[in-house]
Amino acid sequence: MSRYIPFFIISVLLISLVIANLLFGAISLSLHDVLRGFQPGSDSYFTIHEYRLPRTLLAILVGAMLALAGALVQGVIRNPLASPDILGVSHGAGLAAVVYMIYFPHSSISWLPAVALAGGLCAALILWWLCGHRSSTIKLAITGVALATFYASTVDFLMLIKPLEINNALLWLTGSLWGRSWPQITMLLPWLVLIPCALYLAKPLNLLHLGEDSAVSLGARVNLLRLIALAVAVALTAAAVSICGPISFLGLVAPHLARKLFGGRHQALLPATMLVGAVLLLMADLVARTIDPPIELPAGIMTAVLGAPYFLWLLIRTK
Amino acid sequence: MIQTRLPFAWQCLLLGASLLVIAWISLFSWSAVPITPVDAVNALFNMDNTSIPQHIVQDLRLPRTLMGILVGASLAAAGVVMQGLTQNPLASPSVLGVNAGAALGMATVSTIAPWFGLLGTSVAAIIGGGMTWTLVMVLGRAWKGGNDSSRLVLAGVAISALCAALTKASIIMAEDQASGVLTWLAGSLANARWATFDHLWPISLFGLLGSLMLSPTLNILQLGEENARNLGASLILTKLAGSFLVLLLVASAISSVGSIGFVGLLVPHMAKMIGGQDHRRFLPLAMLLGAMLVVLSDIISRSIIFPMETPAGAVLALIGAPFFIYLVRQRTL
Chain A
3 MSRYIPFFII SVLLISLVIA NLLFGAISLS LHDVLRGFQP GSDSYFTIHE YRLPRTLLAI
63 LVGAMLALAG ALVQGVIRNP LASPDILGVS HGAGLAAVVY MIYFPHSSIS WLPAVALAGG
123 LCAALILWWL CGHRSSTIKL AITGVALATF YASTVDFLML IKPLEINNAL LWLTGSLWGR
183 SWPQITMLLP WLVLIPCALY LAKPLNLLHL GEDSAVSLGA RVNLLRLIAL AVAVALTAAA
243 VSICGPISFL GLVAPHLARK LFGGRHQALL PATMLVGAVL LLMADLVART IDPPIELPAG
303 IMTAVLGAPY FLWLLIRTK
Chain B
584 MIQTRLPFAW QCLLLGASLL VIAWISLFSW SAVPITPVDA VNALFNMDNT SIPQHIVQDL
644 RLPRTLMGIL VGASLAAAGV VMQGLTQNPL ASPSVLGVNA GAALGMATVS TIAPWFGLLG
704 TSVAAIIGGG MTWTLVMVLG RAWKGGNDSS RLVLAGVAIS ALCAALTKAS IIMAEDQASG
764 VLTWLAGSLA NARWATFDHL WPISLFGLLG SLMLSPTLNI LQLGEENARN LGASLILTKL
824 AGSFLVLLLV ASAISSVGSI GFVGLLVPHM AKMIGGQDHR RFLPLAMLLG AMLVVLSDII
884 SRSIIFPMET PAGAVLALIG APFFIYLVRQ RTL
């Protein structure tokens with residue numbers, strides 16, 4: 003029974019954050035206004051229905067996807083420092099998306115997730131090629147970080163020689179939920195198929211946790227499993243990045259927190275990670291919007307402020 | 584192994600001559616108002632007050648080029664000293680977070696207390712850089728002579744990320760516009776004027792001379808901390824003096840042109856290839872090379888979307904980041 007208590011707490015936290023995200027912002031609304039905002043024609047309809055509601059939903063989706071990707075990567079590589087953004091996958095996906103937007107400005111924006119996916123896959127393959135199959139925890143992290151630096155400085159460079167509009171630039175440099183609305187949610191919907199796929203992998207991932215040899219002798223097809231799990235993780239990351247830009251450290255922190263709260267069984271861990279990721283991104287976005295209204299900070303800045311110290315702490319503990 | 588190298592004096596002379604040529608090219612190339620190569624020379628030695636191109640050279644191009652030379656030399660020297668102190672080939676101001684810390688210090692002061700002016704921002708840059716440098720050294724366990732070099736780099740990268748996020752936040756809140764921020768964060772020589780140069784050169788020169796004086800001790804450190812101690816080098820004193828010099832060099836450079844990265848990572852390795860392992864030799868070579876690299880990337884940065892400017896730091900990052908990957912791959916971790 004006690005296993006459900008953390009789930010309950012996190013869910014309550016999630017719901018209260020959703021309500022807070024609807025209430026607060028550049029103008030604070032009362033609960034009454036929010037409820038009326040769901041009906042067309044009322045004063046706050048535009049604020050709630052067109053602006054805050056889709057943004058809140060998007061924060062939940064993106065947070066959950068990034069966190070899930072992080073949990074999968076950590077489950078497969080069994081490296082506490084690994085996550086799509088440390089390994090450079092998010093920035094690779096972001097770079098591909100930026101190149102697409104700058105050099106093919108007239109083509110449809112709905113291709114963006116696919117382009118980002120291609121970029122993310124390339125980034126993952128390059129990392130694989132540089133690091134090989136068995137390399138130490140820290141070497142993998144450091145190579146990933148170097149690659150991420152390279153992709154990020156290329157994005158910087160492109161932004162500087164072909165200036166996009168300001169908010170777009172901030173989006174791609176730090177990750178932000180600014181100006182996202184229903185069209186972006188519909189773009190993201192097909193990619194949600196990946197979530198059940200990931201949850202289906204929970205059982206074999208548990209076997210992998212016992213060590214490679216034990217997993218093989220228990221009948222798991224280790225290499226296939228690794229390949230599928232990593233591909234799903236890259237796809238989840240790429241889809242999220244194509245909508246919100248590279249939101250840093252979320253995929254690293256959320257799985258760790260979830261593991262602390264719910265233990266390492268992947269059947270519980272994966273859904274829990276998604277909840278934690280959603281809570282973290284909602285929180286980051288809420289703070290970013292309300293810290294100094296009407297100016298809004300990118301949510302990616304908030305997650306970095308939260309995540310970088312956590313990464314340092316993990317680093318100190320890593321043997 | 585016997586290597587055939589040019590004598591040290593010739594190496595210096597060759598690099599110095601090429602630096603002069605590059606600096607000369609930088610005086611006249613890619614200008615919105617056409618400047619001839621002869622104008623550039625005349626503006627220096629035989630000024631004609633009625634000629635507009637010569638005025639441009641003297642008031643805009645000359646301080647810019649000199650600034651590029653000083654900044655490049657400072658950052659390269661800082662990189663050499665940091666690599667010598669930590670015995671880590673990846674150590675450099677940008678990788679270990681000193682750049683980001685200095686930038687954060689400056690951004691905080693200029694948003695919270697803009698009336699302090701240039702001196703205030705320089706001091707803030709030194710304090711900010713010093714705090715991150717200490718943090719990285721402690722977290723990366725490098726202060727006590729641990730040989731845990733990749734941990735040091737990861738700590739630096741994480742602290743850089745943290746500082747960069749805070750810098751962006753404070754600038755967005757103050758200015759509400761991203762493109763200027765972006766240019767400044769990338770580091771650009773476009774706003775170099777005589778006033779800034781006058782602030783920069785005494786500090787830089789002091790730092791450069793100091794690092795030259797430190798180079799024999801850095802040679803001893805190369806033998807390992809144990810041996811260095813046996814040979815009578817005071818480790819604590821060396822590390823403190825070295826750190827102080829690094830902070831001085833990096834903070835003065837960054838407070839005048841913004842956060843230019845990767846010079847400190849690239850150049851020491853190039854200098855080592857040319858000049859060998861002796862710090863007394865490759866440190867001066869590194870300064871010359873760093874100056875060349877920065878002035879060269881400033882020329883490139885003007886040519887990319889002429890007549891607009893790209894920050895020189897962005898060009899350098901494009902060259903430097905692949906080199907970072909290459910260095911990581913080279914090392915057996």
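Taken in sequence, the protein lines are chains A and B. Quick note, the numbering used here runs 2 ahead of the 1-based positions in the first sequence. Quick note, the numbering used here runs 583 ahead of the 1-based positions in the second sequence. Heads up, the beta-carbon is just placed ideally off N, CA and C, and yes, glycines get one too. Source: prediction; values computed, not measured.
Test item: CB-CB of residue i and residue j under 8 Å
| i | j | result |
| --- | --- | --- |
| B/Ala-904 | A/Phe-152 | yes |
| B/Leu-797 | B/Ala-773 | no |
| B/Val-654 | B/Val-850 | no |
| A/Ala-95 | A/Ala-118 | yes |
| A/Cys-246 | A/Leu-179 | yes |
| B/Leu-899 | B/Phe-845 | yes |
| A/Ala-301 | A/Phe-251 | no |
| A/Ala-290 | A/Glu-298 | yes |
| B/Gly-790 | B/Ser-842 | no |
| B/Leu-749 | B/Leu-830 | no |
| A/Gly-72 | A/Gly-253 | yes |
| B/Met-665 | B/Pro-676 | yes |
| A/Leu-209 | A/Leu-220 | yes |
| B/Trp-698 | B/Ser-826 | no |
| A/Val-157 | A/Leu-175 | yes |
Bounding residues of the alpha helix (DSSP H) (the contiguous stretch that carries residue i)
| i | result |
| --- | --- |
| B/Val-678 | Taken as a continuous stretch (DSSP letters only), B/Val-678 belongs to no alpha helix (DSSP H), as it is neither H nor E. |
| A/Lys-141 | 139 to 163 |
| B/Ser-835 | 818 to 840 |
| B/Asn-813 | 808 to 813 |
| B/Arg-879 | Sequence inspection shows Leu at residue 879 of chain B; the Arg mentioned does not correspond to that position. 862 to 886 is the span of the alpha helix (DSSP H), which, as asked, contains B/Leu-879. |
| B/Asn-625 | 620 to 628 |
| A/Asp-215 | 214 to 219 |
| A/Gln-41 | Unbroken run through A/Gln-41: none, as it is neither H nor E. |
| B/Ile-803 | 777 to 804 |
| A/Asp-294 | No alpha helix (DSSP H) contains A/Asp-294, which DSSP labels as neither H nor E. |
Euclidean distance between Cα positions of residue i and residue j
| i | j | result |
| --- | --- | --- |
| A/Tyr-53 | A/Leu-68 | 22 Å |
| B/Ile-585 | B/Phe-865 | Below a pLDDT of 50, predicted positions are generally treated as unreliable, and B/Ile-585, at 48, falls in that range; no measurement from the model is reported. |
| A/Leu-97 | A/Gly-121 | 7 Å |
| B/Gly-739 | B/Leu-792 | 27 Å |
| A/Met-3 | A/Lys-205 | Confidence at A/Met-3 is low in this model, with a pLDDT of 49, below 50, so its placement is unreliable and the value that follows should be read with caution. So the alpha carbons of these two residues sit roughly 21 Å apart. |
| B/Asn-625 | B/Ile-882 | 20 Å |
| B/Ile-803 | A/Ala-310 | 35 Å |
| A/Asp-45 | B/Ser-693 | 40 Å |
| B/Ile-908 | A/Thr-145 | 7 Å |
| B/Gln-594 | B/Leu-868 | 8 Å |
| A/Leu-149 | A/Leu-89 | 8 Å |
| A/Leu-277 | A/Ser-13 | 7 Å |
| B/Leu-916 | B/Leu-737 | For B/Leu-916, the predicted structure reports a pLDDT of 48, less than 50, and the residue's modelled location is therefore unreliable. A value from the coordinates is still provided. One C-alpha to the other measures close to 13 Å. |
| A/Leu-59 | A/Ile-17 | 11 Å |
| B/Ser-886 | B/Glu-892 | 8 Å |
| A/Pro-198 | A/His-108 | 34 Å |
| A/Leu-203 | B/Ile-652 | 57 Å |
| A/Ala-143 | B/Ala-744 | 15 Å |
| B/Ala-659 | B/Met-870 | 6 Å |
Below-8 Å beta-carbon distance, residue i vs any chain E residue
| i | result |
| --- | --- |
| B/Pro-672 | Here chain E cannot be found, since the structure's protein chains are A and B. |
Under 8 Å by beta carbon: chain B residues contacting residue i
| i | result |
| --- | --- |
| A/Asp-294 | Met-756 |
| A/Ala-98 | By Cβ distance, chain B contributes nothing, its closest Cβ being about 17 Å from A/Ala-98, past 8 Å. |
| A/Ala-310 | Ala-741, Ile-742, Ala-744, Leu-745 and Ala-748 |
Within chain A, the residues that residue i reaches when beta carbons sit closer than 7 Å
| i | result |
| --- | --- |
| B/Leu-901 | Ser-155, Thr-156 and Phe-159 |
| B/Arg-734 | Ile-140 and Leu-317 |
| B/Lys-751 | Thr-176 and Ile-303 |
| B/Val-740 | Val-147 |
Contacts that residue i makes with chain A (C-beta to C-beta distance below 9 Å)
| i | result |
| --- | --- |
| B/Ala-904 | Ala-148, Leu-149, Thr-151, Phe-152, Tyr-153, Ala-154, Ser-155 and Thr-156 |
| B/Ala-769 | Ser-155, Asp-158, Phe-159 and Leu-162 |
Within chain B, partners of residue i - CB distance below 7 Å
| i | result |
| --- | --- |
| A/Ala-306 | Ala-744, Leu-745 and Ala-748 |
| A/Ser-250 | Ala-744 |
| A/Ala-143 | Leu-737 |
Cross-chain neighbours of residue i in chain B, by beta carbon under 9 Å
| i | result |
| --- | --- |
| A/Leu-127 | The contacting residues do not exist; A/Leu-127 stays about 14 Å from chain B at best. |
| A/Ile-1 | Missing from the structure shown is residue 1 of chain A; chain A here goes from 3 to 321 and no further. |
| A/Leu-132 | Ile-908, Val-911 and Arg-912 |
Per-residue contacts from residue i into chain A (C-beta, under 8 Å)
| i | result |
| --- | --- |
| B/Leu-722 | Leu-314, Leu-317 and Ile-318 |
Interface positions of the region 871 to 895 of chain B facing chain A (Cβ-Cβ less than 7 Å), listed along the chain = Ile-887, Ile-888, Thr-893 and Pro-894
The region 276 to 300 of chain A: positions lying closer than 7 Å to chain B by Cβ | Asp-294, Ile-297 and Leu-299
Using Cβ-Cβ distances below 8 Å, what residues of the region 8 to 40 of chain A are close to chain B?
-> none
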